[in-house]
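**Student:** Let me begin by handing over the structure; questions about it come next.
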Amino acid sequence: MTLMGEADLINLGRSITANEVSWLGQVITINFAMVVGIYYFLNRAGLALKIFAFIAYMLGMLLYLGEMLIESGVKTQVLASLQSMHALSPIGQTYIGVSASWLGTVTIVLFNTAFWILPIGIFYLLFFWRKDSESGSLPAHTHGIGKQ
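If you're matching positions, the sequence shown starts at 990 in our numbering and goes up one per residue.
What follows is the structure, given as C-alpha cells:
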C-alpha cells in the first residue's frame, strides 16, 4: 500500500478542480450549441424531434454530471485525508481552510446551481419558447435604432 503525501494530495485536489472547471466549461458550450440549434432549427421541428434532441442532450449532460460526481467524491476524500494529517504546511492549511470557508461553500452551491439551471433553461426554450417572427427580424412592437 502506497501512502500519499501532502503534496500529492494537494496536487490531486487541484487536478480534480481543474477537471471539474473544464467540464463545466464544456457543459456551458453544449448549452450554447443547444440554444443556437433551438433558435435556428428546433423551434420549427415537430415534437418527436424535440424530444429526441432533449434526450440526447440530457444523456450528454448526465454523463458530465456522473464524471463530476465521481471527481467530487475523490476530492472529498482528498480533503479528509489532508485534514487527518498531523502537521500540514501553510499551503495545505490554506487549501483546507479555503475549501471549508464560505468561499468554498458558495463555489459548490454556484457550481451545482449552474448545472441544474442550464437544463431547465434548455427545456423551456425547446418546448415553450416561440420566436416572434420567422424572418428573425425584430418584432413589430420593437423599433430598432435608426428606424423611423
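Cβ coordinates follow ideal geometry from the N, Cα and C atoms, glycine included.
What is the residue span of the alpha helix (DSSP H) that residue 1088 lies within?
**Tutor:** Run containing residue 1088: 1079 to 1089, per the alpha helix (DSSP H) assignment.
**Student:** Just mark residue 1120 as buried or exposed, buried being the case when its beta carbon has 16 or more other beta carbons within 10 Å.
**Tutor:** When all chains shown are included, residue 1120 counts as exposed.
**Student:** So what does DSSP say about residue 992, is it helix, strand or coil?
**Tutor:** Looking at residue 992 - three-state DSSP - the assignment turns out to be coil, as it is neither helix nor strand.
**Student:** Short check: CB of residue 1039 to CB of residue 1116, under 8 Å?
**Tutor:** Contact: yes.
**Student:** Would you give the residue range spanned by the alpha helix (DSSP H) that residue 1045 belongs to?
**Tutor:** Element bounds for residue 1045: 1036 to 1073.
**Student:** Considering Cα atoms alone, identify which of 1061, 1053 and 1027 is closest to residue 1041.
**Tutor:** Ranking 1061, 1053 and 1027 by Cα distance to residue 1041 puts 1027 first.
**Student:** Within 10 angstroms of the Cβ of residue 1113, are there 16 or more other Cβ atoms? Answer buried if so, exposed if not.
**Tutor:** The residue in question, residue 1113, is exposed, as its Cβ has fewer than 16 Cβ neighbours within 10 Å.
**Student:** Any contact of the region 1099 to 1107 with the region 1029 to 1037, i.e. 3+ C-beta pairs under 8 Å?
**Tutor:** As far as the Cβ criterion goes, the region 1099 to 1107 does not touch the region 1029 to 1037, which means the pair count is below three.
**Student:** Just how far apart, CA to CA, sit residue 1018 and residue 1047?
**Tutor:** Straight-line Cα distance between these residues: approximately 14 Å.
**Student:** Quick one: measure Cβ to Cβ for residue 1071 and residue 1081, integer angstroms, because I've assumed they're closer than 8 Å.
**Tutor:** Confirmed, Cβ separation roughly 6 Å.
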